[in-house]
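If you're matching positions, the sequence shown starts at 1 in the UniProt record's numbering and goes up one per residue.
These notes concern the structure reproduced below.
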Amino acid sequence: MKKHSPKKKRAVSNKHNSAVPVTPSNTSAKTVANPFLKSPLYDLLRVFERAPDQWAARYILILTAVMLRSAVGLGPYSGQGEKPINGDFEAQRHWMEITSHLPVDQWYFYDLQYWGLDYPPLTAYHSWIFGKIGGFINSDWFELVKSRGIENSGIKTFMRFSSLISDLLIYIPAVLHLTSILSRHLKLGRMHQIVVLTLILSQPPLILIDHGHFQYNSVMLGFFLLSVAELLNGSLVFASIWFMSSVLFKQMALYYSPFIFFIILARLFTPSTTIPKTLTSFKFGNLLAVGLSVFLTTVASVSPFILTSSTWTDACVLLKQILVRMFPFERGLFEDKVANFWCTTNLVVKYNKLFTNSQLKTASLVLTLTFALPPCLLCFKKQLIQKSTSPALVLYGFSACAWAFYLFSFQVHEKTVLVPLIPSTFLLVTKDRDTISIIHWINNISTFSLFPLLKKDGLVLQYGVTSLLINWLIGGFTLKRKNNLLWPHNSSICLKLIIGLSYLAIIVFHIIDYSIPAPVRYPDLWVIANTTISFGCFGTFYLWLLHKVYYL
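Here you go:
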């Protein structure tokens, strides 16, 4: 009897602890096995099962992430050899050129016809830092005007390193930090955490765009992930600061803004037994702190522009110009082919011929809010009536809100798929096998949606290898049903059918695209097929997210 008394004591102890609010995820996390247990990735990482060896996993993962990004970076980049305007690579280099040579008040006015600066101030400062460093190494790389369109191994290596450094300083630490917090909240095992980290850091779309095509999306996304981490920790002020940093680096982070507004607003109340008690619990002091953090972060970012202006009128003109460059509504509903509602339905309804630009802006705003607000309001309600909210709900909410913006907002680019995809990918922390399968599916569809852009850049090899690698790692090529994480087991027949048909459509598309040239009369036919398939899948995924938010 004495032998068994410790067990009894532990049982009693757990009973007392049950008074602490526990999320639904926490209650199930202890009984569900690691869904990645039978995957090739788990076999590769099995060496870290021993507790003494797990400290090394983080360093191995970071090294692997750097190697994968470097390998992709050996390929071509956007606009390589395409004179005179080149592509995004030249745009980023040109911004380093102008910010490192011109006064601050000229940055947003200088030669707007040649890759004029059209991102917020933090991007400009980021360009200034690397422009100064690069100019110190080789002044020819960023010589004003004369360096336009420069193409050599030196500038390519430097630019690739700048993207890697940005990842190492901001994005990768943010991924590690948020994964650690989610693992603690959801009671994930150490090996589950290591596997999820590997998959997130090996995500093909972000690697192909930032280190292949060439951009710095990882900085914006890193700031956003730090904001989510602080939100889960209950620090609304730091969450606001990091989120504003994300928006002030790239304005696409505004896709998350409705959701973070509602989730912060909900946390200014203390849930109670009655609505009046809940409403009277509103924390005005916390609201003031959040408002001040947003205001001061914004002011700090634009202060160099204000301080260099001789009058307030000049400062206002400069700030207005920054906003005009950030939101170029005059460019129209969409430019390139993109897998959203407007581009897909434009096959049937020629919007630009039937409506004015102003009418289309209004229509896109109405549609975007129509689809973005439901997940925000649902999460707001759940936050108000529950004393504890699952971190998974926050991820579902951010994902659904951002997908609504991607699908229906004005002026969306194919690369913007990274914005809704990042919070969606973090749902890999759940222990639900079907959820993991669906998240891998939407990652595959997102990679596929980027194919026309990557093909144009000459990155088909990188596209194919990274796609095959990530799908092999999760057991996508095994015939054993229980070991294959590409296929959901318990989802509805309708969802299984959509997933199965979409994978079949991708295979058929690539066979046709490789073997049959597009008709001369319809040169964009295969691109439109790609965007149509992708849009159907993205729309389905949005509805799935909304369903999860409602029932979670």
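Where is the CB? At the ideal position from N, CA and C, for every residue including glycine.
Secondary structure at H510: helix, using DSSP grouped into helix, strand and coil.
Under the three-state reduction of DSSP, L486 is assigned to coil, being neither helix nor strand.
According to the DSSP assignment, N340 belongs to no alpha helix (DSSP H), since it is labelled neither H nor E. The C-beta of M159 has 16 or more other C-beta atoms within 10 Å across all chains shown, which makes the residue buried.
G222 and V290 have their alpha carbons spaced roughly 20 Å apart. Inclusion of F451 and N530 in the CB contact set at 8 Å is warranted, their separation being smaller than that value. Sorting Y125, Q193, S70 by C-alpha distance to the C-alpha of E97 places Y125 at the top. The three-state reading of DSSP puts R190 in helix, counting H, G and I together. If you look at G291, you'll find it in the alpha helix (DSSP H) that goes 284-307. Taken through DSSP and simplified to helix, strand or coil, Q215 comes out as coil. For the pair K283 and C401, the Cα-to-Cα distance works out to about 26 Å. Here the alpha carbons of S303 and S310 stand approximately 13 Å from one another.
Distance from W441 to Y542 at the Cβ level is roughly 13 Å; contact not present, criterion being Cβ atoms closer than 8 Å. Secondary structure of T532 (DSSP, three-state): helix.
Three or more Cβ pairs closer than 8 Å define a contact, and the stretch 192-200 falls short of that threshold against the stretch 123-140. A residue is called buried when at least 16 other Cβ atoms come within 10 angstroms of its Cβ; M220 meets this threshold and is buried.
Spanning the alpha carbons of V228 and V175 requires a straight line of approximately 11 Å. Beyond the five residues adjoining it in sequence on each side, V294 comes within less than 7 Å, by CB distance, of S240, M244 in the same chain, given in chain order. From the listed residues F224, E143, I264, Q251, the smallest Cα separation to S235 is found for I264.
CA-to-CA, the gap between I506 and G87 works out to about 27 Å.
Taking C-beta atoms under 8 Å as the contact rule, L421 and P173 fail to qualify, at a distance of about 20 Å. In the displayed model, T430 falls within coil according to three-state DSSP, outside both helix and strand. For P120, the CB contacts under 8 Å within the same chain, skipping 5 residues up- and downstream, are V247, L248, F249, K250, Q251, S301, I322, M326 in chain order. Taking all protein chains shown into account, E230 has 16 or more neighbouring C-beta atoms within 10 Å of its C-beta and is therefore buried.
For the pair R184 and I60, the Cα-to-Cα distance works out to about 22 Å. Between the stretch 411-421 and the stretch 337-354, the count of Cβ pairs shorter than 8 Å is three or higher; the stretches touch. Runs of the alpha helix (DSSP H) lying entirely within the stretch 401-461, each at least 4 residues long, are 418-425, 433-449, 451-457 in chain order. DSSP places E143 in the coil class of the three-state scheme, outside both helix and strand. At a Cβ-Cβ threshold of 8 Å, P258 and C376 count as neighbours. The Cβ atoms of N286 and L268 sit closer than 8 Å to each other.
Counting C-beta atoms within 10 angstroms of its own C-beta, R50 has fewer than 16 neighbours from the protein chains shown and is therefore classed as exposed. Residue environment: S281 is assigned as exposed (fewer than 16 neighbouring CB atoms within 10 Å of its CB, all protein chains considered).
With respect to the C-alpha of S39, the residue from K456, K482, G539 having the closest C-alpha is K482. Distance from the CA of I170 to the CA of P517, rounded to the nearest whole angstrom, comes to 42 Å.
If one requires a minimum length of 4 residues, the alpha helix (DSSP H) runs lying completely within the stretch 105-143 are 121-137, in chain order. Here L459 is near H213, since their CB atoms are less than 8 Å apart.
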